[in-house]
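All remarks here apply to the structure that follows.
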Amino acid sequence: MAFQQRNGATAWQDLSFTNAHSSPLLINVDGQPQAVALLADEVIGFSPETGELLWSHPHPTQNGLAVSTPVWTDGNLLFVSSAYSGGARVLRLARSGGETTVTELWHNPRIQLHFGNAITESGYAFLSSGFSGPAFMTAVQLETGRIVWQRRGFAKAQLLHADGKLIILDEDGVLALARATPQRFQVLSRVSLLKRISWTPPTLVATRLYLRDRATIMALELGAPAANKAQPR
342 MAFQQRNGAT
352 AWQDLSFTNA
362 HSSPLLINVD
372 GQPQAVALLA
382 DEVIGFSPET
392 GELLWSHPHP
402 TQNGLAVSTP
412 VWTDGNLLFV
422 SSAYSGGARV
432 LRLARSGGET
442 TVTELWHNPR
452 IQLHFGNAIT
462 ESGYAFLSSG
472 FSGPAFMTAV
482 QLETGRIVWQ
492 RRGFAKAQLL
502 HADGKLIILD
512 EDGVLALARA
522 TPQRFQVLSR
532 VSLLKRISWT
542 PPTLVATRLY
552 LRDRATIMAL
562 ELGAPAANKA
572 QPR
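Right, dumping it as structure tokens:
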């Protein structure tokens, strides 16, 4: 469904699919605005103006559970990943003759993004891969699906990219600052802050970082003197 922002009226209602937890994403394919949605067993593209289905591609998961939002990146590449046996795949989208063509470049069931997000930069995706077993910080080449490195040390995590670095918050409440390149993963600092399960992505506003778990919300001033301790809000 689409709604008019000025009054909440329904602009259109169309299509019928089994929904999942993932949020839709607005992209532009060779000049055409499209909305992408990762659903229970497929990923689709549709017109945000009319709701017309433009394309679909299979992405099955156990029990229809797909949580992470797809990532649109350079070269018209769409990175899609989920846990529950879904794995990761990259689709290349192109417009030709008024239609969208979808080409799957690769699929790897080992790369499983459960509830977190992927950061893409310079042709690579950086993510926390793992589901019921150990989690690995992972770098994968988008064009080929080649895993260039994996590192232990964090539980499943959410990532933010800021100032050329990764801000990492894992589900155990560990906050870290790291550098991730195709060549290596380097942890610059880390601290255990939150005590309950932390699945919410951190939010950065200027130099203030907001974190939360299931019991506490916290604001941190990044770069502040050590004496200025963060206070729970």
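Our numbering puts the sequence shown at residues 342 to 574. For glycine and all other residues, C-beta sits at the position ideal for the given N, C-alpha and C. Computed from a predicted structure; not experimentally measured.
Give the secondary structure of residue i by DSSP, where H, G and I count as helix, E and B as strand, and everything else as coil.
i, result
"ALA565", "Caution applies to ALA565, whose pLDDT of 49 falls short of 50 and renders its modelled position unreliable; the model cannot decide the point."
"VAL443", "strand"
"GLN354", "coil"
"GLY386", "strand"
"GLN403", "helix"
"GLN527", "strand"
"ILE509", "strand"
"LEU516", "strand"
"ALA343", "strand"
"TRP540", "coil"
"ALA560", "strand"
"PHE495", "coil"
"GLN453", "coil"
"HIS502", "strand"
"GLY372", "coil"
"TYR425", "coil"
"HIS448", "strand"
Just tell me which of the options has its CA closest to the CA of residue i.
i, options, result
"THR391", "THR402, ALA376, ASN404", "ALA376"
"ARG436", "ALA381, GLY372, PHE467", "GLY372"
"LEU507", "THR522, TRP396, LEU454, SER473", "THR522"
"GLY514", "PHE477, ALA352, THR541", "THR541"
"LYS497", "GLN491, TRP447, ALA476, GLN482", "ALA476"
"HIS362", "ASN348, THR441, VAL384", "VAL384"
"SER357", "GLY505, GLU393, TRP447, ARG492", "GLU393"
"GLN527", "ASP511, THR557, TRP490, ILE558", "TRP490"
"LEU423", "SER473, ARG347, THR351, ARG525", "The amino acid at residue 423 is misidentified as Leu; the sequence shows Ser. Residue SER473 is the option with its Cα nearest to SER423."
"LEU446", "LEU395, GLY416, LEU529", "GLY416"
"ASP355", "GLY471, LEU419, LEU395", "LEU395"
"THR359", "GLY349, ALA547, ASN348, THR402", "THR402"
Determine the burial state of residue i: buried for a count of at least 16 other Cβ atoms within 10 Å of its Cβ, exposed for fewer.
i, result
"PRO543", "buried"
"ARG549", "exposed"
"ARG555", "exposed"
"ALA565", "Low per-residue confidence applies at ALA565: pLDDT is 49, beneath 50, and the placement is therefore not dependable, though the value from the model is reported in the following sentence. Classification for ALA565: exposed."
"GLN345", "exposed"
"PRO450", "exposed"
"GLY428", "buried"
"GLU484", "exposed"
"GLU512", "buried"
"MET342", "exposed"
"ALA352", "exposed"
"ARG347", "exposed"
"GLY471", "buried"
"ALA350", "exposed"
Would residue i pass as a contact of residue j if the rule is Cβ separation under 9 Å?
i, j, result
"ILE460", "HIS502", "yes"
"LEU500", "SER469", "yes"
"ASN458", "TYR425", "no"
"VAL408", "HIS455", "yes"
"LEU406", "ALA381", "yes"
"LEU518", "ARG531", "yes"
"ILE452", "MET478", "no"
"VAL431", "GLY486", "yes"
"GLY464", "LEU434", "no"
"LEU561", "TYR551", "yes"
"PRO411", "PRO389", "no"
"HIS398", "VAL443", "yes"
"VAL370", "THR414", "no"
"MET559", "LEU535", "yes"
"ARG520", "GLY505", "yes"
"ILE488", "LEU419", "no"
(request) Entirely within the stretch 455-493 and at least 3 residues each: give me those beta strand (DSSP E) ranges in chain order. (result) 460-462, 465-470, 477-482, 488-492
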